[in-house]
Every structure is written in structure tokens, then in C-alpha cells.
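Colleague: Take a look at the following structure, please.
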Amino acid sequence: MTVPTPPPDAPATDRVRTVCSYCGVGCGIVLDIAAGPDGRRTVMKASGDKEHPSNAGRLCTKGATGADLLAAPGRLTT
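FYI, our numbering numbers position 40 of the sequence shown as 1005, with every residue one higher than the one before it.
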């Protein structure tokens, strides 16, 4: 069995384990972070953290669409 390798021009992606802040449950989420179209590092994908005790990898709609919210073109940033 061979492990697939990303193409040389693929952007480097980091995975960050954190906690969702939408409600009081505090579900564990994993964020895939890479360079966006403008070159700035941005969240590309949010998924549930399978090792987190409160959600065991599952996310509600708000948590699952967190990456879309952060990448929204009309979002105000500081």
C-alpha cells in the first residue's frame, strides 16, 4: 500500500484542534488552515474532533459551516 502524496504545488495545510464557541456545549472541532486566494492563511474546512468527549466528531449545522462563515466575502474584519 502506498500513501498518496500531495502535488508539489499544493498549499501547505495545518490542522488545528480547538473548541466551537457558538453555544455552551463546547464541541471539539478541527480546523484545516491554508493560504487563501489572497495569500492570507484562512480556515478552509471545519470538522468534528472525533477524540473530543462532548461531541465525538459530530457537529451541528452552525459548527459544521464555521469555515464558510469565516470566509464570507462580506464579513467585517479588523
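No residue lacks a Cβ here, since even glycine has one placed at the ideal position from N, Cα and C.
Taking the alpha carbon of Lys1010 as the reference point, which residue from Cys988, Arg982, Arg1040 has its own alpha carbon closest?
Modeller: As a working note, residue 1010 is residue 45 in the sequence shown. The candidate whose alpha carbon is nearest that of Lys1010 is Arg982.
Colleague: Note the first and the last residue of the continuous beta strand (DSSP E) segment covering Thr983.
Modeller: Stepping through the sequence shown from its first residue, residue 983 is reached at position 18. That run of the beta strand (DSSP E) goes 979 to 984.
Colleague: Ignore the nearest five residues each way along the sequence and tell me which others in Val995's own chain have a CB closer than 6 angstroms to its CB.
Modeller: The sequence position of residue 995 within the sequence shown is 30, counting from 1. Cβ neighbours of Val995 beyond the five flanking positions: Arg980, Arg982, Ser1012, Asp1014.
Colleague: Any idea what DSSP makes of Gly1039, helix, strand or coil?
Modeller: Here residue 1039 refers to the residue found at position 74 of the sequence shown. DSSP places Gly1039 in coil when its eight states are reduced to three.
Colleague: Given that a residue counts as buried once 16 or more other Cβ atoms are within 10 Å of its Cβ, and exposed if not, what is Leu1041?
Modeller: Indexing the sequence shown from 1 puts residue 1041 at position 76. By the neighbour-count criterion, in which a residue is buried when 16 or more other Cβ atoms sit within 10 angstroms of its Cβ, Leu1041 is exposed.
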